[in-house]
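Down below is the structure, laid out as structure tokens.
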Amino acid sequence: MSDNVRVRFAPSPTGPLHMGGVRTALFNYLFAKKHNGTFVLRIEDTDQTRYVANAEQYIVDALEWCNIPFDEGPGKNEKFGPYRQSERKDLYKQYAEELLANGWAYYAFDTAEQLDAHRKDHEANGKTFIYNWHNREKGRLVNSLVLSEEEVQQKIAAGEKYVVRFKTPQDQTLILEDEVRGTIKIDTNTLDDKILFKSDGMPTYHLANIVDDHLMEISHVIRGEEWLPSLPLHSLLYTAFGWESPKFAHLPLILKPVGKGKLGKRDGDKLGFPVFPLEYTNEETGNVTRGYKEDGYFSDAFVNMLALLGWNPGTEQELFSLEALVEAFDLARVSKSGAKFSPDKTKWFNQQYLQQKTDNELVELYLPILENQGVTTDKDFAEKVVALIKERAVFVQDFWDLSSFFFQDPIEYDPKAAKKQWKETTGELMTELVTVIEGIEEFSIENAQTEIKGWITSKEIGFGKVMQPLRLSLVGKLAGPDLFEIMTMVGKETTIKRIQNAITNLG
Ligand code: GLU
């Protein structure tokens, strides 16, 4: 493919960006990078009734967190700017006028009440009202197809409200190509005459979207399946303007974990996982919605998971860096059917990414958590701890639960384990063990192992009789990495102190 691939992500700033939107942005980004193209961010804010002030910043922050920045967009390389449709408002009118002049559009003066009455009439007869070829010239609807030029001008001059509607051609079969779905045939008689422009001077999504894709020289429109029904109109608009159409690719829906129904904005709250990349505060209600970032996910794990929602590499490979995704991505491997989202799989990805990080990277993330816990520690020590416990962690925030005993004495003992492991004779055994430990001069793993194991063998008792109460003394529960590692990490004195504490507390 040539170098002039230009794709755009065109969200409407109506609230936080859903993970489905992030997936659309990601596929656009991957496609652009794969073909040395340009990834454009365009803010589609023509619908002022749904506009939310902090949504645009949220979109930008989300793309940044995912490490998929746009090349062109608001405030960045504004070669085809402005990139906010509200700032392009004045340029759309001439395009509506062009279609009015060449017969591809017409004025319609029908009021909301009149249209409602038509709808009700139809319903009463078991029919659905569609504003199109079928009725637009029959005389019941008030539009420039039936009114004289003079009447039209009079109405406009009198300040009557109007819209500009697209004049969908009659009796045609459209043959449309979609990069994901292949050839789609549509009978134009099933389409309605969509509104392109409103008398408040604002274009509708359809007109603004097509005009901007053309002016911004977009080569491929990659967007969600919910826009597929708009494809016939969009394709006809290109014909109406005499413009070359970009290629289209409609991405499959992301489905709920149960596999049925689209994963919606409110599903996260109901099902207990985030559906947004970042935490979001609704400025009106003060409601805070959780995000993957704040829940402790690594952005590269999140992105890797998203990439496989509706795309597959054709191999068993699941772990992909962003560079590897760019390399492997291909629209031909985007599936037609919906992609089921799995919160468990998302955790699995995070776990994999966590294991891939170096201890040094991880300790940097752990230090602030330790500080929050009021722990002062040496970085090298904390790094060794991380090395010992990370394989059991899914998130960095799991580290504290898995390792608090390296930094502070247990504050309680798991009652079930204590009941089972701390027998009548245990106190005496533990007191003897303290003497054994005191006698170990150089408290290394090897020495501790030799001495303690030797002593247990000489006593001819099972290892569990000593090792389990010892673990309970050191950790507070029957969990954690190798005991000898723990003992030598916390040191001889602390080991002895903790055993003595347990003797006192557990009898
Ligand atoms: N503004 C539309 C949205 O919010 C863009 C659809 C498209 O990409 O054409 O998703």
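With positions in the sequence shown counted from 1, the corresponding number in the working numbering is that position plus 3.
Ideal placement from N, C-alpha and C gives every residue a C-beta, glycine not left out.
Predicted, not measured: the structure shown is a model, and the values here were computed from it.
- By the Cβ criterion, the region 96-115 is in contact with the region 141-155, since at least three pairs of Cβ atoms, one from each stretch, lie closer than 8 Å.
- The residue among 61, 72 and 152 with its C-alpha nearest the C-alpha of residue 104 is 152.
- Taking the Cβ of residue 474 as the reference point, every heavy atom of the ligand GLU lies at 6 Å or farther away.
- With contact defined as three or more Cβ pairs closer than 8 Å, the region 371-379 and the region 335-351 are not in contact.
- By the Cβ criterion, the region 214-231 is in contact with the region 242-251, since at least three pairs of Cβ atoms, one from each stretch, lie closer than 8 Å.
- Collapsing the DSSP output to three states places residue 10 in a strand.
- Ranked by Cα distance from residue 185, the options 17, 264, 253 and 10 are led by 253.
- Pairwise C-beta distances place the region 19-30 in contact with the region 307-326, as three or more of them are shorter than 8 Å.
- Considering only 182, 141 and 293, the residue with the shortest C-alpha distance to residue 255 is 182.
- For residue 227, the enclosing beta strand (DSSP E) stretches over residues 223-227.
- The count of Cβ pairs closer than 8 Å, one atom from the region 384-392 and one from the region 362-371, reaches three, so the stretches are in contact.
- When DSSP assignments are scanned along the region 233-277, the uninterrupted stretches of beta strand (DSSP E) that are 3 or more residues long and fall wholly within it turn out to be 250-254.
- When DSSP reads this structure, residue 168 sits in a beta bridge with 109 and 198.
- Distance check between residue 314 and each of 298, 331, 299 and 305 places 331 closest, using alpha-carbon atoms only.
- Under the three-pair Cβ rule at 8 Å, the region 35-42 counts as touching the region 7-14.
- Residue 413 places its beta carbon less than 7 Å from that of residue 479.
- Here residue 283 is bridged, per DSSP, to 292.
- Distance from the CA of residue 176 to the CA of residue 191, rounded to the nearest whole angstrom, comes to 6 Å.
- Counting C-beta pairs closer than 8 Å gives three or more between the region 94-101 and the region 198-206, which meets the contact rule.
- Rounded to the nearest angstrom, the Cβ distance from residue 179 to residue 234 is 6 Å, consistent with a contact under 8 Å.
- By the neighbour-count criterion, in which a residue is buried when 16 or more other Cβ atoms sit within 10 angstroms of its Cβ, residue 276 is buried.
- For residue 290, the closest C-alpha among the options 12, 19 and 13 is that of 19.
- Counting only residues of its own chain and dropping the five nearest sequence neighbours on each side, residue 481 has a CB closer than 8 Å to the CB of 417, 420, 424, 471, 474 and 475.
- Within the DSSP secondary-structure output, residue 342 pairs in a beta bridge with 257.
- Assigned with DSSP and collapsed to three states, residue 450 falls in helix.
- When the five nearest sequence neighbours on each side are left out, the beta carbons in the same chain lying within less than 6 Å of the beta carbon of residue 368 are those of 399, in order along the chain.
- Of all C-beta pairs linking the region 348-357 to the region 54-64, fewer than three are shorter than 8 Å, placing the two stretches out of contact.
- Going by beta carbons, residue 344 and residue 260 fall inside the 7 Å limit.
- Two segments are said to touch when three or more pairs of C-beta atoms, one from each, lie closer than 8 Å; by this definition the region 432-447 touches the region 483-502.
- Assignment of residue 480 by DSSP, reduced to helix, strand and coil, places it in the coil class.
- One Cα belongs to residue 87, the other to residue 402, and the distance between them is close to 43 Å.
- Closer than 6 Å to some heavy atom of the ligand GLU: that describes the Cβ of residue 212.
- DSSP, read as helix, strand or coil, puts residue 187 in strand.
- Contact between residue 510 and residue 457 fails: their C-beta atoms lie close to 27 Å from each other, not under 8 Å.
- Check the Cα spacing between residue 138 and each of 72, 127, 465 and 170: the tightest is with 170.
- Assigned with DSSP and collapsed to three states, residue 141 falls in coil, not helix or strand.
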